[in-house]
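In this note's numbering, the protein residues as written are 1045 to 1247. Think of the CB as a built atom: it goes at the ideal place given N, C-alpha and C, for glycine as much as any other residue. Notes for the one structure printed next.
Written as structure tokens, this is what we have:
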């Protein structure tokens, strides 16, 4: 993806993502990240992975097969082979459509099986999920169903999770649903608490 310049990808500027985790170390973070443009997206995801590796966390990366090679190439210049072992890649197509369709219970089951080894062995982990709803033919309310399940899991298992959506393509209905299912929202230049958030504990 040629439009991602080395200057931007290798920027030493501390991203908003890093700042969020520095200031919220003891909070179970389920964050909605509405990104604008792939360059910004790459900067934030690299920062998230770097922070995770620095903390000794495993990082579960649910990403598409187009972007992952770009991310992996950049990671290989920043980390040792041993450090790279902390990054666990999950193909997003396999993850979201494991049952042949976008089916929240099946996705939740896939996620549970993915994190089970970490939970059982009390290994610290964090996760990043790139959600590309634009390819879905299923009703968008299913995304809210899944996010409610995921929010409950974050509270139960106490791990950080970023759910990344292309902010420029979100329809109003989905914007509202996502604000209701994520207690925190990360924008390119701000980090806010969602006033519309409805705790999974009340469902």
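With a threshold of 8 Å on Cβ separation, who are the neighbours of residue i within its own chain once the five nearest residues in sequence on each side are excluded?
{"i": "residue 1148", "result": "1186, 1189, 1190 and 1193"}
{"i": "residue 1163", "result": "1201"}
Taking the beta carbon of residue i as the centre, do at least 16 other beta carbons fall within 10 Å, making it buried, or is it exposed?
{"i": "residue 1236", "result": "exposed"}
{"i": "residue 1230", "result": "buried"}
{"i": "residue 1101", "result": "buried"}
{"i": "residue 1195", "result": "buried"}
{"i": "residue 1200", "result": "exposed"}
{"i": "residue 1243", "result": "exposed"}
{"i": "residue 1056", "result": "Any reading at residue 1056 must be qualified, since the residue scores a pLDDT of 41, below 50, and its modelled position is unreliable; the value itself is stated next. Exposed: under 16 other Cβ atoms inside 10 Å."}
{"i": "residue 1119", "result": "buried"}
Please list the terminal residues of the continuous beta strand (DSSP E) segment that includes residue i.
{"i": "residue 1107", "result": "1102-1107"}
{"i": "residue 1205", "result": "1205-1210"}
{"i": "residue 1257", "result": "Absent from the model: residue 1257. The displayed extent of the chain is 1045 to 1247, so no value can be given."}
{"i": "residue 1170", "result": "1169-1174"}
Along the chain, where does the alpha helix (DSSP H) containing residue i start, and where does it finish?
{"i": "residue 1194", "result": "1185-1201"}
{"i": "residue 1084", "result": "1082-1098"}
Of all the options the options, which has the alpha carbon lying nearest to the alpha carbon of residue i?
{"i": "residue 1107", "options": "1101, 1140 and 1145", "result": "1140"}
{"i": "residue 1221", "options": "1137, 1113, 1238 and 1201", "result": "1238"}
{"i": "residue 1202", "options": "1126, 1159, 1098 and 1116", "result": "1159"}
{"i": "residue 1095", "options": "1170, 1086, 1233 and 1085", "result": "1170"}
{"i": "residue 1111", "options": "1133, 1218 and 1168", "result": "1133"}
{"i": "residue 1105", "options": "1083, 1166 and 1204", "result": "1204"}
{"i": "residue 1152", "options": "1118, 1198 and 1234", "result": "1198"}
{"i": "residue 1109", "options": "1124, 1127, 1137 and 1121", "result": "1137"}
Considering only residues of the same chain and omitting the five flanking positions on each side of residue i, which have a CB-CB separation below 7 Å?
{"i": "residue 1089", "result": "1115 and 1172"}
I'd like to confirm something about residue i: is its beta-carbon nearer than 6 Å to some heavy atom of the ligand NAD, or not?
{"i": "residue 1235", "result": "By its list of ligands, the structure shown contains no ligand whatsoever, and the ligand NAD lies outside what it can speak to."}
Who are the near neighbours of residue i in its chain, counting only those whose CB is closer than 6 Å to its CB and skipping five residues on each side?
{"i": "residue 1099", "result": "none"}
- Contact between the region 1224-1243 and the region 1075-1082 (3+ Cβ pairs under 8 Å): yes
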